[in-house]
Structure formats: C-alpha cells, structure tokens
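Reading the sequence shown from the start, the letters are residues 1 to 236 in the UniProt record's numbering.
Taking it in order: structure first as structure tokens, then the write-up.
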Amino acid sequence: MKRMLISTLTMTVIITGCSVPTAPESVGPLHGIFSQPVGRSASTKVPSGPDKSVGIVYSRNTQTNRAYLNDYRANAGTGFGQSLLVQSIHDAYVATSTPDRAVDWVKASLQRQFGSVTEYPDMQSLRAARPDVAAVVDARSQLITSRSSDVEADVSAHFYDRNLDYIGTARGYDTKSLSPLWADYKRSEEIVADINEQQEVQVRALQKFDQSLSNLLTGPTSNVSMIDDNKSDKLY
Numbered sequence: 001m002k003r004m005l006i007s008t009l010t011m012t013v014i015i016t017g018c019s020v021p022t023a024p025e026s027v028g029p030l031h032g033i034f035s036q037p038v039g040r041s042a043s044t045k046v047p048s049g050p051d052k053s054v055g056i057v058y059s060r061n062t063q064t065n066r067a068y069l070n071d072y073r074a075n076a077g078t079g080f081g082q083s084l085l086v087q088s089i090h091d092a093y094v095a096t097s098t099p100d101r102a103v104d105w106v107k108a109s110l111q112r113q114f115g116s117v118t119e120y121p122d123m124q125s126l127r128a129a130r131p132d133v134a135a136v137v138d139a140r141s142q143l144i145t146s147r148s149s150d151v152e153a154d155v156s157a158h159f160y161d162r163n164l165d166y167i168g169t170a171r172g173y174d175t176k177s178l179s180p181l182w183a184d185y186k187r188s189e190e191i192v193a194d195i196n197e198q199q200e201v202q203v204r205a206l207q208k209f210d211q212s213l214s215n216l217l218t219g220p221t222s223n224v225s226m227i228d229d230n231k232s233d234k235l236y
C-alpha cells in the first residue's frame, strides 16, 4: 500500500509538477535564409581540408530549438509539487536537454574537416566574407512531455560553394517511442532510464550525421540525396 502511494505521488508530480514545454512547430530548413533562388554547383564534392574555410549560418529551426531546450531545462520540475519531485528524475530532465548539444557537435565535426569554421549571424554577412564553403545548419528536437513520450532528433547541414550554389546535404535523424512516463507501475529508476533514452536518441542522430558528412566529403554528391522535405525552400 505504501509503495503504491509513493508511486502514485511520483506520477502526479511528473504530470503536474514537471510542466516542460512541447516542441515548437518547425519550418523548412532554409526558410528565410536565401533572398533568391539557389543554383546547383558544378562541384561534384564539398571541398574540405586544412586549407579550406567554412562559414556557418543557423536556420530558424536551430535558433528556435535552442530556445525550446532552454525552456525545457528551466521548467523541469517546476510548479506544484516541485519539492516532492525525485531529484534523480529532475536531474535526468536537465541532463538530456542540453541546448547546444547539436550545435556544438556539428561545429566540432566541421572543425575536424576544415581549416577554419566561422559562425555568421545571417547569409548576408557570410556572403560578404566569402568562405570556401557555406553551411546552413538545421537542428530540431522533440523531447518527452506529460502528453507525449515520442522522442525525435533531426540535424542537417546544407553545403554551398563560394558562389552559394548548392553542393549537397549531410543529415542525421533518429526517433523512438517510449512507454508513458506516467504509467503507475514504474519505479523512479525506470523513469530516469526512459528520460535518459531521449539523450541517446539525440546522440544517435548526431552519429548518423557524422557518417552522412563523411560520405558527402569523400564521395561524389550525385550519390547523396537531398532532403525530401515538402516544407523546405527550393534549393535549385
């Protein structure tokens, strides 16, 4: 009876006390980036190496996603019942919602492939700097909430030559549907394990991105498919 009471109390706190935000609606990864149509580059591969520079612009999704993860982390365990939330559950929510995980990972991956990696606030600034390669980085996440246990992570980098003509795209995607966190048979250890799984989904997506990036840099771009996204801006 006591164990059932504790379990019910834990679930109530998770539902009412952990009012984490839901993932925002996404837009096309190139939404608002280019002011005119983009052509297809004559390059058959993305030029990389220690003598090549790459400039990064972050998509609107990426910026919105970072704000979403900041809110998710800030709201983990807030509201009614905050003092009763199991600390390990709160810590798992915080640890698995690092706002810059995707951005830092992608930047580190590019630093291993290019001599210099520079972030720009917009495409106009990047165009003026004229790096050897331009990359539009798009990152999206969907984490656990009290109403959904579906987890999703999607990260991509769209590459362009010095003239901002499209070369190819590297992408990593992963998803998983977990059992509901609020199921009354779950112990706190099982809840923590499920919450931690959403970090594993993010990491797997980033690992797939690295493999896609490697394929893009070592093989002809004709063998690398463009992202099939009906909401994406026209690339060429």
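From the three backbone atoms N, C-alpha and C, an ideal C-beta is built for every residue, glycine too.
Because the structure is a prediction, the values reported are computed rather than measured.
SER156, enclosing alpha helix (DSSP H) - first and last residue: On the sequence shown, residue 156 is found 156 positions in, with the first residue counted as 1. No alpha helix (DSSP H) holds SER156; the beta strand (DSSP E) holding it covers 150-160.
Residue range of the unbroken beta strand (DSSP E) whose run includes ARG171: On the sequence shown, position 171 is the one that residue 171 refers to. Start and end: 166-177.
Cα-Cα separation, MET123 to ALA129: Within the sequence shown, residue 123 is the residue found at index 123, counting from 1. Within the sequence shown, residue 129 is the residue found at index 129, counting from 1. Rounded to whole angstroms, MET123 to ALA129 spans 10 Å at the Cα level.
Where SER41 falls, given that 16 or more other Cβ within 10 Å makes a residue buried: As a first step, residue 41 is located in the sequence shown; it is residue number 41 there, counting from the start. Label assigned to SER41: buried.
Limits of the alpha helix (DSSP H) - the one that ASP138 falls within: For the purposes of this step, residue 138 is taken as residue 138 along the sequence shown, with counting starting at 1. Note, ASP138: premise wrong, no alpha helix (DSSP H); beta strand (DSSP E) at 133-142.
Rounded separation between residue 257 and PRO37 - CA only: Residue 257 is absent from the structure shown; the chain starts at 1 and stops at 236.
Under 7 Å between C-beta atoms of SER188 and VAL94: Your numbering for residue 188 matches position 188 in the sequence shown. Your numbering for residue 94 matches position 94 in the sequence shown. Against a cut-off of 7 Å, the Cβ pair of VAL94 and SER188 comes out as no contact.
LEU110 to ILE89 span [Cα, whole Å]: Mapped onto the sequence shown, residue 110 falls at position 110. Mapped onto the sequence shown, residue 89 falls at position 89. Taking the straight line joining both Cα atoms gives about 34 Å.
Limits of the beta strand (DSSP E) - the one that PHE114 falls within: Within the sequence shown, residue 114 is the residue found at index 114, counting from 1. Segment 114-119, the beta strand (DSSP E) holding PHE114.
First through last residue of the beta strand (DSSP E) which encompasses ASP51: Position 51 of the sequence shown holds residue 51. 49-58 is the extent of the beta strand (DSSP E) around ASP51.
DSSP three-state assignment for ARG130, whether helix, strand or coil: The residue given as residue 130 occupies position 130 in the sequence shown. ARG130: coil per DSSP, three-state reduction.
Cross-strand partners of ARG40 (DSSP beta bridge): On the sequence shown, residue 40 is found 40 positions in, with the first residue counted as 1. Answer is TYR166.
Outcome for PRO29 when other beta-carbon atoms lying within 10 angstroms are tallied against a minimum of 16: Here residue 29 corresponds to residue number 29 of the sequence shown, with the count starting at 1. So PRO29 counts as buried.
Nonlocal neighbours in the same chain, by C-beta distance under 6 Å from residue 242, ignoring five residues either side: As displayed, the chain neither begins before 1 nor continues past 236, which places residue 242 out of reach and without an answer.
Exposed unless 16 or more other CB atoms sit within 10 angstroms - verdict on ARG171: Counting from one through the sequence shown, the residue named residue 171 turns up at place 171. Buried.
Alpha carbon of SER59 to alpha carbon of VAL137, nearest angstrom: Translated into the one-based positions of the sequence shown, residue 59 becomes position 59. Translated into the one-based positions of the sequence shown, residue 137 becomes position 137. Answer to the nearest angstrom: the Cα atoms are 6 Å apart.
Neighbourhood of SER43 by C-beta distance below 7 Å, restricted to the same chain and skipping five residues each side: Position 43 of the sequence shown, counted from the first residue, corresponds to residue 43. Around SER43: ASP161, ILE167.
Spatial distance of ASN70 from PRO99 (CA atoms): The sequence position of residue 70 within the sequence shown is 70, counting from 1. The sequence position of residue 99 within the sequence shown is 99, counting from 1. Near 6 Å, if we compare the C-alpha coordinates of PRO99 and ASN70.
Limits of the alpha helix (DSSP H) - the one that HIS90 falls within: The sequence position of residue 90 within the sequence shown is 90, counting from 1. Counting along the chain, the alpha helix (DSSP H) containing HIS90 begins and ends at 87-95.
C-beta atoms of LEU164 and ALA134 nearer than 7 Å: Position 164 of the sequence shown, counted from the first residue, corresponds to residue 164. Position 134 of the sequence shown, counted from the first residue, corresponds to residue 134. In this structure, ALA134 lies closer than 7 Å to LEU164 by Cβ.
Backbone secondary structure at LYS186 - three-state DSSP: Position 186 of the sequence shown, counted from the first residue, corresponds to residue 186. Reduced to three states, the DSSP call for LYS186 is coil.
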